[in-house]
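> Residues in the sequence shown are numbered from 1 upward in steps of one, following UniProt numbering.
Below are the structure tokens for one structure; questions will follow.
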Amino acid sequence: MLVVEVEYLTGVARAANDRGDAADWPPQPDRLFSALTASWAARGEIATERRALEWLEAQAPPRLIHADFEARSVVPVFVPPNDDSSSSVTILPARRRRQERRFPAAWPADPLVRFVWESDPDAATLDALDALARDTSYLGHSASVVRCRAYRETEAPADTQAARRRVYPGRLDELVGCYTGHGDKSRQVRPAPGADVRAPAAPKPAPPASVFGADWIVFAHAEEPRPDAVAGAMACKALLKTALSGYGTDPVPAWVSGHAPDGAPLTTPHLAAVPLLDAGWEHARGRLMGLALVPPRAVTEAVARARDPRAETVARADVAVLEEVTGLERALVRALEAGRLTLRLRGGLVWPLQWDTEATKQSLRPALYTGTADTWATVTPIALDRHPKKDGDAAEIIADACERIGLPRPSVVVAHKHSAHRAAPSARASSGAPPWTGWRRPESVANRRLTHAVLRFPEAVAGPVILGAGRFVGLGLCRPLPERKEPKT
């Protein structure tokens with residue numbers, strides 16, 4: 001087998017990756033081949049050496065033997081550009097232009113790198129490759145001074161690693177054409193990297209997802225006074241009623257009303273509403289910033305299929321769902337008053353909302369709730385589906401609630417009075433506090449026990465995660481919990 005050995009004589013490898021923002025370590029076969037090609041040209045383009053390069057480019061990619069490395073911090077430096085005759089004033093040092101450059105470098109633990117080809121060249125080819133290698137003085141940046149040689153090895157070395165990039169038949173002609181501009185020096189171009197050796201990664205399976213969709217209809221707070229955050233569930237109930245009122249005498253889809261045609265409660269997922277709180281930030285104040293309507297995932301997926309421009313055909317059922325979503329949007333438009341959606345809440349509070357298609361404020365962005373994570377924490381407390389009889393029951397009830405919305409059972413559930421997200425209101429008012437400081441809820445969940453929780457799943461799951469008996473009025477709304485950074489010691 002053929003081995004080309006490269007030793008970095010200064011102990012530093014200066015070469016940038018394709019993006020130019022990090023060191024390219026270990027050196028790849030395409031970089032070595034380009035250096036050998038440059039040596040061939042500098043030596044007078046000898047025919048036997050060209051045949052050796054053509055033989056090398058036709059071989060399977062080599063395996064590499066190399067050490068680990070430490071990367072040098074990449075900091076920008078500013079250097080004079082190439083000569084610019086457009087303005088003579090730039091000749092003056094004080095007026096000279098500067099261009100930002102970066103020079104990534106790697107410090108390998110061992111400056112020796114070996115490229116190992118399983119193919120065995122004949123004597124003439126080996127001699128030619130060795131001559132080219134010995135005349136190669138740098139690899140990568142011209143400051144990466146190297147010593148190279150090519151030799152034959154009889155025993156397969158251990159601990160080899162696959163290359164990331166490779167050369168291919170025709171690479172030599174490609175490099176020559178880039179250098180010569182195919183006969184026009186003014187058309188010289190920098191050669192592209194070699195071909196990727198790695199096979200395309202298999203598509204990752206989609207993470208487990210809840211029954212709630214990620215395409216929300218968001219309404220932003222438009223005018224004071226606004227309800228307290230603890231009235232969020234009541235505001236969500238009012239939003240759902242207002243949406244239904246926009247249909248007038250038109251039929252309402254079951255997934256919008258939450259009821260079957262015979263009036264019975266729907267047993268499948270239906271439209272939910274959630275409060276969007278100013279919570280989870282360093283300077284959060286726990287204010288109610290707006291509300292959102294959350295369609296079932298089956299609805300949003302059907303709409304996506306119906307709108308897919310690549311689809312050759314569209315299922316009639318998907319078109320019907322798309323028409324129902326359009327009908328919901330028309331109903332909301334009909335419910336607007338002077339361009340705003342006005343909610344009338346208990347106590348005579350009138351709260352105007354603005355339909356916010358851009359989610360201009362960060363607290364209003366559905367992406368906060370629809371991402372993928374393995375650890376989630378409630379922003380609004382969960383209304384437990386049943387009353388816990390003993391300590392530890394709450395965790396089991398919450399785990400059951402996760403399965404009820406299509407998620408795997410969490411491996412860890414920690415129930416608590418307070419939310420893990422900064423400024424989110426606690427599940428219960430403080431001792432001695434007025435009753436109005438606690439969560440106000442629709443009658444259907446008025447007697448349910450409330451609790452916040454942190455949940456850790458055995459794998460990452462996709463949101464939205466909305467749990468418990470009050471999930472359709474925004475109770476049990478969760479957000480991914482950021483990983484806590486350990487303090488530096």
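Positions of the beta carbon are idealized from the N, C-alpha and C atoms, including for glycine.
G470 to V445, Cα distance in whole Å?
By one-based count along the sequence shown, residue 470 stands at place 470. By one-based count along the sequence shown, residue 445 stands at place 445. Distance between the alpha carbons of G470 and V445: 6 Å.
> Assign residue 493 to one of three DSSP states: helix, strand, or coil.
Not covered by the structure: residue 493. The range shown for the chain is 1 to 489.
> Which residues in the same chain have their Cβ closer than 6 Å to the Cβ of Q59, if we skip the five residues on either side of it in sequence?
Position 59 of the sequence shown, counted from the start, is the residue given in the question as residue 59. Cβ within range, chain order: W117 and S119.
> Using a Cβ distance threshold of 8 Å, determine whether the region 337-350 contacts the region 403-417, with at least three qualifying pairs required.
Because the criterion of three Cβ pairs below 8 Å is not met, the region 337-350 and the region 403-417 do not touch.
> Counting only runs that start and end within the region 444-475, where is the alpha helix (DSSP H) found for 4 or more residues in a row?
Qualifying alpha helix (DSSP H) stretches: none in this window.
> Would you grab the beta carbon distance between A367 and L277 for me? Rounded to a whole angstrom, and I think it's under 8 Å.
The residue given as residue 367 occupies position 367 in the sequence shown. The residue given as residue 277 occupies position 277 in the sequence shown. Wrong, their Cβ atoms sit about 15 Å apart, outside the cutoff.
> Roughly how many angstroms separate the alpha carbons of C236 and L291, rounded to a whole number?
The residue given as residue 236 occupies position 236 in the sequence shown. The residue given as residue 291 occupies position 291 in the sequence shown. Answer to the nearest angstrom: the Cα atoms are 7 Å apart.
> If you draw a straight line from the C-alpha of M234 to the C-alpha of Q354, how long is it?
Sequence index remark: in the sequence shown, residue 234 carries index 234 (1-based). Sequence index remark: in the sequence shown, residue 354 carries index 354 (1-based). About 18 Å.
> Per DSSP, G290 forms a beta bridge with which residues?
Here residue 290 refers to the residue found at position 290 when the sequence shown is read from its first residue. Per DSSP, A220 and L276.
> If we ignore side chains and look at the alpha-carbon of each, how far apart do A123 and Y138 end up?
Working through the sequence shown from its first residue, we reach residue 123 at position 123. Working through the sequence shown from its first residue, we reach residue 138 at position 138. Using only the alpha carbons, I get a separation of about 25 Å.
> Where does K488 fall in DSSP's three states?
Locating residue 488 in the sequence shown gives position 488, where the first residue counts as 1. Its pLDDT being 46, under 50, K488 is placed unreliably in this model, and the value from its coordinates should be taken loosely. Residue state, collapsed to three classes: coil.
> If A377 sits next to L450, beta carbons under 8 Å apart, how far is it from one beta carbon to the other, in whole angstroms?
Position 377 of the sequence shown holds residue 377. Position 450 of the sequence shown holds residue 450. Between L450 and A377 the Cβ distance is about 15 Å, and since that is not below 8 Å, they are no contact.
> Distance, Cα to Cα, P296 vs I405?
The residue you call residue 296 lines up with position 296 of the sequence shown. The residue you call residue 405 lines up with position 405 of the sequence shown. Using only the alpha carbons, I get a separation of about 10 Å.
> Specify, as a first and last residue, the run of the alpha helix (DSSP H) that P29 falls within.
Your numbering for residue 29 matches position 29 in the sequence shown. Counting along the chain, the alpha helix (DSSP H) containing P29 begins and ends at P29 to A42.
> Would you tell me roughly how many angstroms separate the C-alpha atoms of L244 and S430, rounded to the nearest one?
Numbered from its first residue, the sequence shown carries residue 244 at position 244. Numbered from its first residue, the sequence shown carries residue 430 at position 430. C-alpha separation (whole angstroms): 36 Å.
> Ignore the nearest five residues each way along the sequence and tell me which others in T136's own chain have a CB closer than 7 Å to its CB.
Numbered from 1 along the sequence shown, position 136 holds the residue referred to as residue 136. For T136, where only same-chain residues beyond five positions count, the Cβ hits under 7 Å are A35, L36, S39, V146 and C148.
> Work out the CA separation of I46 and L32 for me, nearest whole Å.
Locating residue 32 in the sequence shown gives position 32, counting from the first residue. Locating residue 46 in the sequence shown gives position 46, counting from the first residue. If you take the alpha carbons of L32 and I46, they lie about 19 Å apart.
> On a CA-only basis, which of A373, T342 and P29 is nearest Q161? Give me that one, please.
Taking the first residue of the sequence shown as position 1, residue 161 is located at position 161. It is P29 whose Cα lies nearest to the Cα of Q161.
> In the region 322-360, which residue ranges form an unbroken beta strand (DSSP E) of at least 3 residues, counting only runs that do not cross its ends?
With a minimum length of 3 residues, the continuous beta strand (DSSP E) runs that stay inside the region 322-360 are 341-344 and 350-355.
> Could you check whether D130 and A150 sit closer than 8 Å to each other, using their CB atoms as the reference points?
Counted from its first residue, the sequence shown places residue 150 at position 150. Counted from its first residue, the sequence shown places residue 130 at position 130. The answer is yes: Cβ separation under 8 Å.
> Please confirm if the region 447-466 is in contact with the region 360-374, defined as three or more CB-CB distances below 8 Å between the two stretches.
In short, these stretches touch, since the Cβ pair count reaches three.
> Is the beta carbon of V3 sitting closer than 8 Å to the one on R114?
Looking up residue 3 in the sequence shown gives position 3. Looking up residue 114 in the sequence shown gives position 114. For V3 and R114, yes; Cβs fall inside 8 Å.
> Rounded to whole angstroms, what's the CA-CA distance from N17 to R164? Just pull it up for me.
Within the sequence shown, numbered from 1, the residue matching residue 17 stands at position 17. Within the sequence shown, numbered from 1, the residue matching residue 164 stands at position 164. Cα to Cα, the separation comes out at about 11 Å.
> Classify T380: buried if its beta carbon has 16 or more other beta carbons within 10 angstroms, exposed otherwise.
As a working note, residue 380 is residue 380 in the sequence shown. By the neighbour-count rule (16 or more Cβ atoms within 10 Å), T380 is buried.
> Taking V252 as the reference, which of I217, L239 and L328 has the closest Cα?
Here residue 252 refers to the residue found at position 252 of the sequence shown. Cα-wise, what sits closest to V252 is L328.
> Secondary structure at E483, three-state DSSP: helix, strand or coil?
The residue you call residue 483 lines up with position 483 of the sequence shown. Three-state result, E483: coil.
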